[in-house]
Amino acid sequence: MQEIHNLMGGFAVALSWFNLMLMLAGITLGVIIGVLPGLGGANGVAILLPLTFSMAQQPGGATSAIILLSCIYWGALFGGAITSILFNIPGEPWSVATTFDGYPLGQKGRAGAALTAAFTSSFFGALVGVLMITFLSPIVARFALQFGPPEFFSVYLLTFCAFVGMSRGSPFKTIASMMLGFALAAVGIDTVTGQLRLTFGLEVLLKGFDFLIAVIGLFGIGEILLTLEEGLEFKGTRARLNMKVVLETWKELPRYWKTSLRGAAVGCLMGIVPGGATPASFMSYGIAKKMSRDGEKFGTGVVEGVVAPETAAHAAGTSALLPMITLGVPGSPTAAVLLGGLLIWGLQPGPLLFTEKPDFVWGLIASMYLGNIVGLIVVLTCVPLFAAILRVPFAIIMPVIMVICAIGAYTVHNSMFDVWLMLIFGAMGYVFKKLDYPLAPLVLALVLGDNAENAFRQSMLLSQGDMRIFFSNALVGSITALSLLLLFWPLISKVIELARGKKLRPPPTEE
Amino acid sequence: MQEGNRDKAIGSVRAWEVVVAACFLVFGAIVVWDSQRLGARWGDEGPQAGYFPFYIGIFIIVSAAMILYNAITSGAKGRKPFVMWEQLRTILVVMVPSVLYVALMENPWLSMGMYVPSALFIAFFMRFLGKYGWLRIAAVSIGTTVAFFVMFEIWFKVPLPKGPLEAAFGFA
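Chains as they are written, first to last, in my numbering: chain A, 1 to 511; chain B, 512 to 683.
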């Protein structure tokens, strides 16, 4: 097996003392970021990205840098569960389903069991996701080597149509938010013709909008403003997590192996599709509720109700990296930020990465295994410490987070204008969130806008403006058809419901 | 939120939906107009610079129109308050100082750099929201800022903007 051989090479890269220290630092930082309001995986990584510039310049440094950043991502995923269970605050959208049973468990005095179950099933989900990446990504990459511009554009199209098809809110808001991202990506110098687009003679707009600023503003400042609305204090359950509770819960967990496997399967399938982690966690919770013998007890605080969404969310969060490294198409905002990092370090994500930089790719994949093991140990042993962070008074933690965001925004391009932009994006993020405009499509469109446009232009050049090029062979045709199906899915599902004579159900509201 | 009768709602969800959709409409129109100016057709060497953004603008206008229609025809949901005055007040308490904070960093009169405004910003909230004593305020705000200074300037060698105070200590 070539993959096993490559993976061993990857372990040789990842298993240096320096990289292990980075993993530990990354995970710890990630959990803290995941626990704090206003700092999530995406903008946490975005803020720290500029700090890796100099690290990535050294030989082998790019691998160390991606290990640090991806471990922050794993840590943030773990951290989301802590706030959900102890404080009923989902740190990330995909932790929402964890609060359904996690918080009641905490209220019953079984917070320790809930946390252990959450961490262990997160670990299991991630492991399944990494296994899939290990064996599937070389195949996908080899396959994608034959892709031309039309194929790439159809993959981009699929990415964006998936957002429309999978969103639970208004499809028009998803489209509007996504197109805003594309329009912002177009601002600045057009790379093909050299003409200035949408700059209106303003010099500051020449460089265009950097998506890192958008991420820090929308997810950071916007989130802080939303938290402020809820009031200035966090009321939470105390966490006690000792070895006895951990071992007892571990004894209980094998009973839910079916739920775990289903959750991991749902997560892996949905994770490859952009925006999949949140629906995956809800779907897994829903399926577990239907299939479990204790189904009617769900929502009152059962361990199985924590296992289901956590496994799926972590499996999805991990497999979101598969399209990122193989195709250069990120599946989530955090994956998009990591992709941005790769580009800044001078690596071109996509099928060629596997042949040109095998050390980097396999080092990253090996670090996913190690990072999650390190992560499980860190979170199981340090929960009280992390929960204590949320007890730091808001009057201190809030301004410090604002300062961190401002510094992060400045360091992206050493530009003061970006700090102002961050504030504007923050206010925008607040209003968008209040009105249920999804933010992830905006960020992804901002990241992929130029690539998508180039793929589109090259395809158009190939076909001399004939749109039928996107149906010119079986491969590109089926991807395009699938995209269109997803795009019109909200409409199709309504028609199906009408045909069945059911009354239209109101769409499920957020949270 | 404590005193329900004094707590006014600032606009309904519907009103804000309409405002945001209108902003999208205007933005879409700007994108379409600018793309037309650049040329949104098929040029001599293939698609012109405005070819792709033109359709983006069209999509924005169409979806904004649909959002507008949905907002106007929305029933009870649209009458819900968008934000309560008490909530907005807390948000302004953060946003206004934040704007001042960024303005302090760089302005035509006295640019103070990143660090001094950061310390002032933290101190302001500790005093205003947390009602801490000055000693603790000084310890936390100066301590945090110095930690950032060491981390960025010395450890990671990422220079941040500096003002007269840093210059007085010999860091330019």
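Just so you know, even glycine gets a beta-carbon here, dropped at the ideal spot from N, CA and C.
It should be emphasised that the depicted structure is a prediction, and the values quoted were computed from it without experimental measurement.
Item, Value
"By DSSP, does A:I189 sit in helix, in strand, or in coil?", "strand"
"Work out the CA separation of A:A481 and A:A474 for me, nearest whole Å.", "10 Å"
"In chain order, what residues of the same chain lie with their CB nearer than 6 Å to the CB of B:A560, ignoring the 5 residues before and after it?", "L549"
"Distance cutoff 8 Å, beta carbons only. Does B:L640 sit that close to anything in chain A?", "yes"
"Alpha carbons only, please: which of A:E356, A:G317, A:L486, A:Q458 is nearest the one belonging to A:G75?", "A:G317"
"Interface residues of chain B around A:P399 at Cβ under 7 Å?", "F632, I633, F636"
"Could you say which of A:F394, A:I89, A:P358, A:T381 lies nearest to A:G34 if we only look at CA atoms?", "A:I89"
"Would you kindly work out how many angstroms separate the C-alpha atoms of B:G515 and A:P399, rounded to a whole number?", "Any answer about B:G515 is weak, because its pLDDT of 47 lies below 50 and its placement is not dependable; what the coordinates show is given next. Looking at the two C-alpha atoms, the distance is approximately 29 Å."
"Find the nearest neighbour of B:K588 within the set A:L435, A:K290, A:I479, judged by alpha-carbon distance.", "A:L435"
"Which of the three DSSP states, helix, strand or coil, is assigned to B:G586?", "coil"
"What residue range is occupied by the uninterrupted alpha helix (DSSP H) comprising A:M8?", "2 to 14"
"So is A:E223 buried or exposed if we call it buried at 16+ other beta carbons inside 10 Å?", "buried"
"Hey, how far is the Cα of A:G341 from the Cα of A:I66?", "8 Å"
"Can you give the Cα-Cα distance for A:V383 and A:I82, rounded to whole angstroms?", "8 Å"
"Quick one: grab the DSSP three-state call for A:L512.", "The displayed coordinates of chain A run from 1 to 511. Any statement about residue 512 of chain A would go beyond what the structure contains."
"Around the C-beta of A:N6, are 16 or more other C-beta atoms found within 10 angstroms, so that it is buried, or is it exposed?", "buried"
"Ordered along the chain, which non-local residues of its own chain (more than five positions away) have a Cβ less than 7 Å from that of B:E677?", "G624, Y626"
"Sort out for me which residues DSSP pairs B:W553 with in a bridge.", "B:P558"
"Return no unless some Cβ of chain A is closer than 8 Å to the Cβ of B:I653.", "no"
"Over what stretch of residues does the alpha helix (DSSP H) that includes B:V669 continue unbroken?", "Element bounds for B:V669: n/a, residue is neither H nor E."
"Return yes when at least one heavy atom of the ligand FAD lies under 7 Å from the C-beta of A:D359, else no.", "The model depicted lacks the ligand FAD and carries no ligand whatsoever."
"How would you list, in chain order, the residues of chain B whose beta-carbon sits under 9 Å from the beta-carbon of A:S84?", "Those within 9 Å of A:S84 in chain B number zero; the least Cβ separation is about 23 Å."
"Strictly below 9 Å CB to CB, what residues from chain B border A:S54?", "F667, K668, V669"
"Alpha carbons only, please: which of A:Q57, A:M428, A:G449 is nearest the one belonging to A:L157?", "A:G449"
"Measuring straight from C-alpha to C-alpha, what distance separates B:W666 and A:G148?", "44 Å"
"Can you look up A:P149 in the DSSP assignment and give me helix, strand or coil?", "helix"
"Run through DSSP, which three-state label would A:L196 get?", "strand"
"Which partner residues does B:M595 have in the DSSP bridge list?", "B:A520"
"Taking the CB atoms as reference points, tell me whether A:G10 and A:Y73 lie closer together than 8 Å.", "no"
"State the start and end residues of the unbroken alpha helix (DSSP H) segment that holds A:D418.", "416 to 434"
"If you measure between the beta carbons of A:L205 and A:V187, is that distance less than 8 Å?", "yes"
"Straight-line CA distance for A:S284 to A:G80?", "17 Å"
"Mind pulling the chain A residues with CB within less than 9 Å of B:P592?", "Per Cβ cutoff of 9 Å: no residues; B:P592 is ~11 Å from chain A at best."
"Specify whether the region 294 to 308 of chain A and the region 95 to 109 of chain A touch according to this definition: at least 3 beta carbon pairs, one from each stretch, less than 8 Å apart.", "yes"
"Helix, strand or coil for B:Q644? Go by DSSP, reduced to three states.", "The question names Gln, but residue 644 of chain B in the sequence shown is Gly. If DSSP states are grouped into helix, strand and coil, B:G644 belongs with coil."
"Cβ closer than 7 Å: which chain B residues qualify as neighbours of A:W420?", "V613"
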